[in-house]
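Residue numbers (this note's numbering): 11 to 205.
Since the structure comes first, as structure tokens, the remarks are kept for the end.
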């Protein structure tokens, strides 16, 4: 995820390229953004390249910055428990994800996971899961579900008139509820973690 300063540099370069059809020089970036030095410009461009936002040969070529496809920005709607269902609460934010990784952004959202019940699936406390909005799930899919108004992330399984929400940690019990008490919010399609 970009810092606010890096985001400002990226958006300034993006606008410059859009208006002029060519990338700016380091001096133009420095002057256009009011940065202190060319070293500051180089620092921000290096971070943008490491994050996959731009490419540059970093040689003496002028105007060699190439914008990479802009990342997908998804709403980070809040937190979901990987444990016993609790009332979910919103911590509205946004998260930048790699471009082309998902279909239409309006069909997805992100949630930060709290708890350890999905540990053996590799979903850890603090991870961000990307969820494709859908009211239906197939057996064995990892879902975000509401159980009597409380949210959890678990593996989904239909058992007769009931739904089982299965943890991936033996310290937690399977949640069994009548189908009418469970509402699937979406299916987990990706996981992101900061080291």
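Ideal Cβ positions, reconstructed from N, Cα and C, are used throughout, including at glycine.
Every value quoted in this text rests on a predicted model; they were computed, and no experiment measured them.
Enclosing beta strand (DSSP E) for residue i [first to last residue]
{"i": "residue 50", "result": "Run containing residue 50: none in the beta strand (DSSP E); it sits in the alpha helix (DSSP H), 48 to 60."}
{"i": "residue 92", "result": "That residue, residue 92, is in no beta strand (DSSP E); it is neither H nor E in DSSP."}
{"i": "residue 160", "result": "160 to 169"}
{"i": "residue 139", "result": "138 to 143"}
{"i": "residue 124", "result": "118 to 124"}
Collapsed DSSP secondary structure at residue i in the structure displayed
{"i": "residue 75", "result": "coil"}
{"i": "residue 21", "result": "helix"}
{"i": "residue 203", "result": "coil"}
{"i": "residue 209", "result": "Not covered by the structure: residue 209. The range shown for the chain is 11 to 205."}
{"i": "residue 130", "result": "helix"}
{"i": "residue 183", "result": "coil"}
{"i": "residue 14", "result": "helix"}
Contact under 8 Å by Cβ, residue i with residue j
{"i": "residue 196", "j": "residue 154", "result": "yes"}
{"i": "residue 119", "j": "residue 84", "result": "yes"}
{"i": "residue 133", "j": "residue 157", "result": "no"}
{"i": "residue 161", "j": "residue 173", "result": "no"}
{"i": "residue 202", "j": "residue 137", "result": "yes"}
{"i": "residue 58", "j": "residue 20", "result": "yes"}
Endpoints, the alpha helix (DSSP H) within which residue i is located
{"i": "residue 42", "result": "36 to 43"}
Worksheet item: With contact counted as at least three CB pairs below 8 Å, one residue from each stretch, are the stretch 166 to 180 and the stretch 136 to 144 in contact?
Response: no
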